[in-house]
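Before any comments, here is the structure.
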Amino acid sequence: MKLLEAVSLSKTYGKERSWFTTQAGAMQAVHNVSLSLEQGETLGLVGESGSGKSTLGRLLLGLDKPTSGKVLYRGQDITDLNLKQMRSVRHRMQMIFQNSLSAFNPLFTVEQIIGEPLRNYRVGTAEARREKVLESLERVGLSSQYMRRHPHELSGGQQQRVGIARAIVLGPELLICDEPFSSLDATLRRQMLNLLLDLKSQLGLSYVFITHDLSLVDRFCDHVAVMHQGQIVEWQRSECILQNAVHPYTRSLLESVPIQDPRLRQVALF
Numbered sequence: 001m002k003l004l005e006a007v008s009l010s011k012t013y014g015k016e017r018s019w020f021t022t023q024a025g026a027m028q029a030v031h032n033v034s035l036s037l038e039q040g041e042t043l044g045l046v047g048e049s050g051s052g053k054s055t056l057g058r059l060l061l062g063l064d065k066p067t068s069g070k071v072l073y074r075g076q077d078i079t080d081l082n083l084k085q086m087r088s089v090r091h092r093m094q095m096i097f098q099n100s101l102s103a104f105n106p107l108f109t110v111e112q113i114i115g116e117p118l119r120n121y122r123v124g125t126a127e128a129r130r131e132k133v134l135e136s137l138e139r140v141g142l143s144s145q146y147m148r149r150h151p152h153e154l155s156g157g158q159q160q161r162v163g164i165a166r167a168i169v170l171g172p173e174l175l176i177c178d179e180p181f182s183s184l185d186a187t188l189r190r191q192m193l194n195l196l197l198d199l200k201s202q203l204g205l206s207y208v209f210i211t212h213d214l215s216l217v218d219r220f221c222d223h224v225a226v227m228h229q230g231q232i233v234e235w236q237r238s239e240c241i242l243q244n245a246v247h248p249y250t251r252s253l254l255e256s257v258p259i260q261d262p263r264l265r266q267v268a269l270f
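Numbering (the UniProt record's numbering), first residue to last: 1 to 270.
This is the structure we're talking about:
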């Protein structure tokens, strides 16, 4: 059984008629997208800003409702679940945000930030929750000395590690990563990718990895879906797409990426 599946998924904003909007001004962010993800796989969702990939990520996670189509999680249609019903699924599906700092309460300590999902789901006692927070923190390479720190006291890389720790603390099966490393330098991006690979192996995680950079998907993703104007225009295994990109838009993305490996640079110049 597939872990996650989208069937003819579309999202149009501004479609509803009112005194202030008309259907003529509607914008279709996602159009008739179908995809699937097997347990333990990583799907790279690639496209430029405005291509619809972040909207698709929100639809897959149930943070936004589609205009049409449906989302299946382990064969269950979760498209129209209400908030209470969604709680039975939500803890198995979590998100890593592009800018962790903006997703944190600045008044919270690291312990409170990571422990918030545990409190929301009333997991264990206060002491048990603290142990889970510490375990998650150590999994992402941070020690207990960070528990009392506030977000502004952390570096960019440390903030992203805390964001990952919060995402895994409930023991999810699926993580949707929305441009999680775009604000980091090349060295930190490599470190974060290695961390996600380690967590995938240790915890049996599956990922939907949203990015605009095709150079990140080669060793990290199993499949790559390229989005353009709300549609998937190409779908290939990651080891194939860098060498055998078919769609002109995919090839233009490759040409726009500064690639140091001469073998890959030759592909982009064809």
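Think of the CB as a built atom: it goes at the ideal place given N, C-alpha and C, for glycine as much as any other residue.
{"Check": "Using the C-alpha atoms, what's the distance from residue 122 back to residue 57?", "Outcome": "27 Å"}
{"Check": "Can you give me the Cβ contacts of residue 109 inside the same chain, cut-off strictly under 8 Å, excluding the 5 residues immediately before and after it?", "Outcome": "147, 148, 149 and 150"}
{"Check": "From this set, 230, 114, 254 and 188, which residue's C-alpha is nearest residue 171's C-alpha?", "Outcome": "114"}
{"Check": "Tell me, which residues are paired with residue 33 by DSSP?", "Outcome": "9"}
{"Check": "Who are the near neighbours of residue 129 in its chain, counting only those whose CB is closer than 8 Å to its CB and skipping five residues on each side?", "Outcome": "115, 118, 119 and 123"}
{"Check": "Determine which residues share a DSSP beta bridge with residue 80 and list them.", "Outcome": "None, per the DSSP bridge assignment."}
{"Check": "Can you give the Cα-Cα distance for residue 201 and residue 7, rounded to whole angstroms?", "Outcome": "28 Å"}
{"Check": "Taking the straight line between their C-alpha atoms, what separation do you get for residue 53 and residue 221?", "Outcome": "16 Å"}
{"Check": "When burial is assigned at 16 or more other CB atoms within 10 Å of the CB, is residue 250 buried or exposed?", "Outcome": "buried"}
{"Check": "Where do the N-terminal and C-terminal ends of the beta strand (DSSP E) with residue 221 fall, by residue?", "Outcome": "It is not in any beta strand (DSSP E) - residue 221 carries neither H nor E in the DSSP assignment."}
{"Check": "Compare the C-alpha of residue 165 against each of 178, 132 and 181 and name the closest.", "Outcome": "132"}
{"Check": "Taking all protein chains shown into account, do 16 or more other C-beta atoms lie within 10 angstroms of the C-beta of residue 246, making it buried, or fewer, making it exposed?", "Outcome": "exposed"}
{"Check": "May I ask you to report which of helix, strand or coil DSSP gives residue 163?", "Outcome": "helix"}
{"Check": "May I ask you to report which of helix, strand or coil DSSP gives residue 53?", "Outcome": "helix"}
{"Check": "With contact counted as at least three CB pairs below 8 Å, one residue from each stretch, are the stretch 77-91 and the stretch 40-52 in contact?", "Outcome": "no"}
{"Check": "For residue 254, which option in 213, 234, 10 and 232 has the closest C-alpha, if you only look at C-alpha atoms?", "Outcome": "213"}
{"Check": "Indicate the three-state DSSP secondary structure (helix, strand or coil) for residue 184 in the structure shown.", "Outcome": "coil"}
{"Check": "I'd like the list of long-range same chain contacts for residue 142, defined as Cβ closer than 6 Å, with 5 residues on each side in sequence excluded.", "Outcome": "161"}
{"Check": "How about residue 59 and residue 9: are their beta carbons less than 8 Å apart?", "Outcome": "yes"}
{"Check": "Compute the beta-carbon to beta-carbon distance between residue 62 and residue 27, rounded to the nearest angstrom, for a pair I have assumed lies under 8 Å.", "Outcome": "Going by Cβ atoms, the distance from residue 62 to residue 27 rounds to 21 Å, so no, they are not a contact pair."}
{"Check": "Buried or exposed for residue 155, going by 16 or more other Cβ atoms inside 10 Å?", "Outcome": "exposed"}
{"Check": "Quick one: give me the first and last residue of the alpha helix (DSSP H) that residue 110 is part of.", "Outcome": "110-120"}
{"Check": "So for residue 125, helix, strand or coil by DSSP?", "Outcome": "coil"}
{"Check": "Going by C-alpha distance, which of 134, 184 and 185 is nearest residue 168?", "Outcome": "134"}
{"Check": "Just verifying my parser: in three-state terms, what is the DSSP assignment at residue 14?", "Outcome": "coil"}
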